[in-house]
Amino acid sequence: MASTTACTEAVPLVYPQEVKNDSARKAYKLKLLKDRPETLFADLYKSGEVSNLIFLTDQPLAWHAAISAHYPSVKKEGICNGWKIKIKEVEDPDTVMTTVNMYKNGTVMVQGNLTPFELDFLLIKERAQQEKSAPTDNNHTLPETDTTPTSGCPLLTLRRRSPPLDRAITDLKVKFTELERELVQLRELISQQPAQDTRVQQDSSAISTELTKLRQDRDSNRRELSTVRTEVRELQQDRESHMARLTALTELREERRSYRRELTALSEELQERERVKEQLDSHPDHNQNPPEPSNSAATLYPSSISSPHANPTPRSPPITQMNTTPSPQTNTTPHPSRPAQQRGKPDIVILIDSNGKFIDEKNFSPPTQWLKSERHPTGPPPRQHPWRQDHPHLLPHHAPLRSHQGSYDYPQARPEPLLSPGVPPQPQRRELHPDPLSYAQAVKRTAGPTLTTTTHVPEPTHTPPHDELRDIQQMLSLLCSHLI
Numbered sequence: 431m432a433s434t435t436a437c438t439e440a441v442p443l444v445y446p447q448e449v450k451n452d453s454a455r456k457a458y459k460l461k462l463l464k465d466r467p468e469t470l471f472a473d474l475y476k477s478g479e480v481s482n483l484i485f486l487t488d489q490p491l492a493w494h495a496a497i498s499a500h501y502p503s504v505k506k507e508g509i510c511n512g513w514k515i516k517i518k519e520v521e522d523p524d525t526v527m528t529t530v531n532m533y534k535n536g537t538v539m540v541q542g543n544l545t546p547f548e549l550d551f552l553l554i555k556e557r558a559q560q561e562k563s564a565p566t567d568n569n570h571t572l573p574e575t576d577t578t579p580t581s582g583c584p585l586l587t588l589r590r591r592s593p594p595l596d597r598a599i600t601d602l603k604v605k606f607t608e609l610e611r612e613l614v615q616l617r618e619l620i621s622q623q624p625a626q627d628t629r630v631q632q633d634s635s636a637i638s639t640e641l642t643k644l645r646q647d648r649d650s651n652r653r654e655l656s657t658v659r660t661e662v663r664e665l666q667q668d669r670e671s672h673m674a675r676l677t678a679l680t681e682l683r684e685e686r687r688s689y690r691r692e693l694t695a696l697s698e699e700l701q702e703r704e705r706v707k708e709q710l711d712s713h714p715d716h717n718q719n720p721p722e723p724s725n726s727a728a729t730l731y732p733s734s735i736s737s738p739h740a741n742p743t744p745r746s747p748p749i750t751q752m753n754t755t756p757s758p759q760t761n762t763t764p765h766p767s768r769p770a771q772q773r774g775k776p777d778i779v780i781l782i783d784s785n786g787k788f789i790d791e792k793n794f795s796p797p798t799q800w801l802k803s804e805r806h807p808t809g810p811p812p813r814q815h816p817w818r819q820d821h822p823h824l825l826p827h828h829a830p831l832r833s834h835q836g837s838y839d840y841p842q843a844r845p846e847p848l849l850s851p852g853v854p855p856q857p858q859r860r861e862l863h864p865d866p867l868s869y870a871q872a873v874k875r876t877a878g879p880t881l882t883t884t885t886h887v888p889e890p891t892h893t894p895p896h897d898e899l900r901d902i903q904q905m906l907s908l909l910c911s912h913l914i
């Protein structure tokens, strides 16, 4: 078999739809072969696979010689009024590769390995054309049988007559065939080489261009990725800073709320203090001494106690009432003509002994009790009072002093100084105070005359203010020493 082959393609036999039976197909195939002689057709199975190659020629002898000369290893046999050529492998002569059957009507059918014959069909066709142009016998009919040894073809007769000439002609044909094959191959290579080079160049340039684009895209993607990473890192840092700021703002907000609450409390306290200050400023001046009781106050008492000679009752000790509860015998309503600045100032009386202990009135001389007006704020009560027995009727009108302890309200008016026997009674005067006074305020104030509820005393006496201040100082010193 030749080393190089020419490319060709068999025309498939496609039957129309109206051709259905075998006789119609055979007639259609014969007509198609006659219309296109020496054209290679491919007969197909129903599955679409190629069954055999077939063509029609009017020179079967030329094709027989061409096929025999084209393949180096062939075996010729006669079959059915025609020739049968078996093409074998060059490396393995015992193996039949392709079988070519030539019939009397000029039909050539190829079976077996069809691809090599299909590729070499053009070369075999050129060799057959050369065989046709060579001088041969006019008898181109095939022998009726190949079993008769006397019957032979004209070509064999020509070879027997001139073997050297026949051999030379055959060698020349083979050489020309090889030269033609090489020429055809060269033409095909020349025609295909520029296109292939151009295509390869185009493909290589396109591949290089695409590779460059891919590299550029890769670099750009890397840059974008690095940029995105940087942005993400910055965003994380910004988020952390914002979270820190938010935490600081939250703390500041809480501090502001606490400050607002403190300011609200302070403002309320300040308003309360201002209100208290306004109330204190609106109070009258307590440092002024109350005026002397007027004669108009004497009209509030009955005439029996206003005159020392009207009542023959003997003298009684002065009785001082604490202004804790209003008395039904006294009029506590201030005179409308008295101004607010002349109201009395209350005093605080604390009954203690020299050791700073409270004095129990029950420990006094029984069966009588000391009156509140008879007690001195700076010392123990006097031991003897000759006028106690002269006025026993005044004691039941007064409650014990212990009952006033613990529930004592600050008096609204300062009581008058104790009256000695013989002083005429003075009308009790009670004035209202807007707010209670503290112990310090009471101590700071100077002593003044107080109103007392006494019996008829002929001669009143007044305690000097400096004596009362001295008594208060002594009392405070005793309290401090007792506490220490």
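Quick note, the sequence shown lines up with residues 431 to 914 if you use this note's numbering. Even glycine gets a Cβ: it sits at the ideal position worked out from N, Cα and C.
Sort out for me which residues DSSP pairs residue i with in a bridge.
i	result
residue 542	528
residue 485	538
residue 504	517
residue 442	472
residue 480	474
Are residue i and residue j close, meaning C-beta to C-beta below 8 angstroms?
i	j	result
residue 521	residue 514	no
residue 484	residue 527	no
residue 486	residue 536	yes
residue 642	residue 499	no
residue 598	residue 496	no
residue 555	residue 618	no
residue 544	residue 480	yes
residue 518	residue 504	yes
residue 553	residue 607	yes
residue 532	residue 490	yes
residue 471	residue 463	yes
residue 603	residue 560	yes
Thinking C-alpha only, which one of the options is nearest residue i?
i	options	result
residue 477	463, 444, 495 and 492	444
residue 442	454, 474 and 462	474
residue 785	694, 908 and 685	908
residue 488	547, 447, 471 and 562	562
residue 493	534, 679 and 673	534
residue 440	523, 448, 453 and 546	546
residue 787	905, 901 and 647	905
Along the chain, where does the alpha helix (DSSP H) containing residue i start, and where does it finish?
i	result
residue 499	490-500
residue 472	Counting along the chain, residue 472 falls outside any alpha helix (DSSP H), though it belongs to the beta strand (DSSP E) covering 471-474.
residue 450	Where residue 450 is concerned, there is no enclosing alpha helix (DSSP H), given that its DSSP letter is neither H nor E.
residue 554	551-563
Beta-carbon of residue i versus every beta-carbon of chain D: anything under 8 angstroms?
i	result
residue 455	In the structure shown, chain D does not exist; there is a single protein chain.
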